[in-house]
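Heads up, the thing below is written out as structure tokens.
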Amino acid sequence: MLSHLGRERSFMQNLRLAVLLSFVGGIVNVSGFLALKLMTTNVTGYLSNFAQEVLTFNKAAILRTVLLLVSFFFGSFVSHVILQLQKVFWNKVYFTVPLILEAVLLSGVAYVEGDVLSQYPLEIAYILLFAMGLQNSLVTFISKAVVRTTHITGIVTDLGIETAKLLFSFRRQSIRRILLSHIGLKVSIVLSFGLGGILAAFSFEYLHLKTLYIGVVVILLTTVYDYLMVKMMMVIEEGMHIVDWSKRTVFRDHKIYQILKRKKR
Numbered sequence: 037m038l039s040h041l042g043r044e045r046s047f048m049q050n051l052r053l054a055v056l057l058s059f060v061g062g063i064v065n066v067s068g069f070l071a072l073k074l075m076t077t078n079v080t081g082y083l084s085n086f087a088q089e090v091l092t093f094n095k096a097a098i099l100r101t102v103l104l105l106v107s108f109f110f111g112s113f114v115s116h117v118i119l120q121l122q123k124v125f126w127n128k129v130y131f132t133v134p135l136i137l138e139a140v141l142l143s144g145v146a147y148v149e150g151d152v153l154s155q156y157p158l159e160i161a162y163i164l165l166f167a168m169g170l171q172n173s174l175v176t177f178i179s180k181a182v183v184r185t186t187h188i189t190g191i192v193t194d195l196g197i198e199t200a201k202l203l204f205s206f207r208r209q210s211i212r213r214i215l216l217s218h219i220g221l222k223v224s225i226v227l228s229f230g231l232g233g234i235l236a237a238f239s240f241e242y243l244h245l246k247t248l249y250i251g252v253v254v255i256l257l258t259t260v261y262d263y264l265m266v267k268m269m270m271v272i273e274e275g276m277h278i279v280d281w282s283k284r285t286v287f288r289d290h291k292i293y294q295i296l297k298r299k300k301r
């Protein structure tokens with residue numbers, strides 16, 4: 037789920053990633069809005085506010101909006117820098133690292149909630165936007181922009197386009213199958229984001245920002261699941277290798293090994 041890029045990814049890998057992390061996005065979105073009265077998973081509305089604040093020349097409001105925008109941008113930037121640094125220093129990329137950082141940030145916000153919330157609401161919003169920037173950048177990079185999990189505007193737009201295409205290509209089976217899979221993925225993202233938001237709305241009355249712990253659990257389960265799946269696939273892959281110790285040659289297929297052995301005789 038977090039171990040393949042772009043065309044290497046299967047539909048089910050994208051679907052699992054989309055459902056789990058859009059669920060987290062829904063939780064953060066509703067929890068942040070109820071606690072701070074600010075959007076904490078996307079920055080579209082802040083651009084509109086920025087235009088109005090420039091016209092009124094409200095310096096404090098302009099600075100606040102700029103920092104909200106920069107927080108999301110910086111989260112996206114840091115997420116990709118983490119991936120690139122891993123490639124430079126270790127020649128290997130662990131896509132779970134930005135997600136673990138996101139889980140730490142969400143846990144921190146949930147833990148200090150209370151007096152800190154009333155004293156530093158904007159700072160908490162900056163942290164949540166940074167965390168969502170981390171997530172959105174990672175998912176967009178892994179899926180090559182097929183999956184986005186922190187806002188729904190682009191997803192609904194794609195859904196409308198692909199549904200229209202389906203109307204005119206329904207009789208062509210190969211195209212229909214592709215479009216239906218894309219539509220199913222987009223619908224899953226919308227539903228999962230909505231369910232995360234509904235759960236957060238119900239939980240917030242009792243847990244307040246500690247509702248974010250639900251998102252943290254989902255992120256940690258996602259990373260653990262991916263780690264276990266990768267390890268299992270490595271074991272299976274190693275099991276398919278047969279070693280000829282006389283020449284220290286590794287054969288990936290038992291049948292090839294048997295054929296070569298018969299030829300030597």
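Residue numbers for the sequence shown follow my numbering, beginning at 37 and rising by one.
In this text, a Cβ means the ideal position worked out from N, Cα and C, and glycines have one as well.
Source: prediction; values computed, not measured.
- Shortest Cα-Cα distance from Asn78 to any of Ser107, Leu202, Asn127 and Leu221 involves Ser107.
- In this structure Gly62 is in contact with Leu231, their Cβ atoms being roughly 7 Å apart against a cut-off of 8 Å.
- The continuous alpha helix (DSSP H) containing His116 extends over residues Lys95 to Trp126.
- With distances taken between CA atoms, Ile160 lies nearest to Tyr147 out of Tyr147, Gly196 and Asn172.
- By the Cβ-count criterion, Asn94 is exposed, with fewer than 16 other Cβ atoms from all chains shown falling within 10 Å of its own Cβ.
- Taken through DSSP and simplified to helix, strand or coil, Ser228 comes out as helix.
- Within the segment 122-173, the alpha helix (DSSP H) runs of at least 4 residues that lie entirely inside it are, in chain order, 132-148 and 151-155.
- Straight-line measurement puts the Cα of Leu227 at about 13 Å from the Cα of Thr189.
- Here DSSP, grouped into helix, strand and coil, assigns Ala71 to helix.
- Across the structure, Gly220 and Lys180 are spaced so that their CA atoms are roughly 18 Å apart.
- Here DSSP, grouped into helix, strand and coil, assigns Val252 to helix.
- Looking at the backbone, the Cα of Gly251 and that of Leu195 are separated by about 26 Å.
- Around the CB of Asn127, fewer than 16 other CB atoms lie within 10 Å, so the residue is classed as exposed.
- Here the segment 164-181 makes contact with the segment 98-116; the two share three or more CB pairs at distances below 8 Å.
- Annotation for Ser143: Val252 place their beta carbon closer than 6 Å to its own, counting only its chain and skipping 5 residues before and after.
- For Arg52, the three-state secondary structure derived from DSSP is helix.
- Note that the C-beta distance between Val145 and Ile118 is not below 9 Å.
- In this chain, the alpha helix (DSSP H) harbouring Ala200 covers Thr189 to Ser205.
- Listed in chain order, the non-local C-beta contacts of Thr199 below 7 Å within the same chain comprise Ile219, local neighbours out to five positions each way being set aside.
- Put simply, the segment 252-271 touches the segment 134-142. At least three CB pairs are less than 8 Å apart.
- If you draw a straight line from the Cα of Leu215 to the Cα of Thr92, it is about 46 Å long.
- Annotated three-state conformation of Arg208 is coil, per DSSP.
- Here Val223 carries a helix assignment [DSSP, helix/strand/coil].
- Ser224 is the residue among Tyr242, Ser224 and Leu104 whose C-alpha sits nearest the C-alpha of Arg52.
- Collapsing the DSSP output to three states places Arg213 in a helix.
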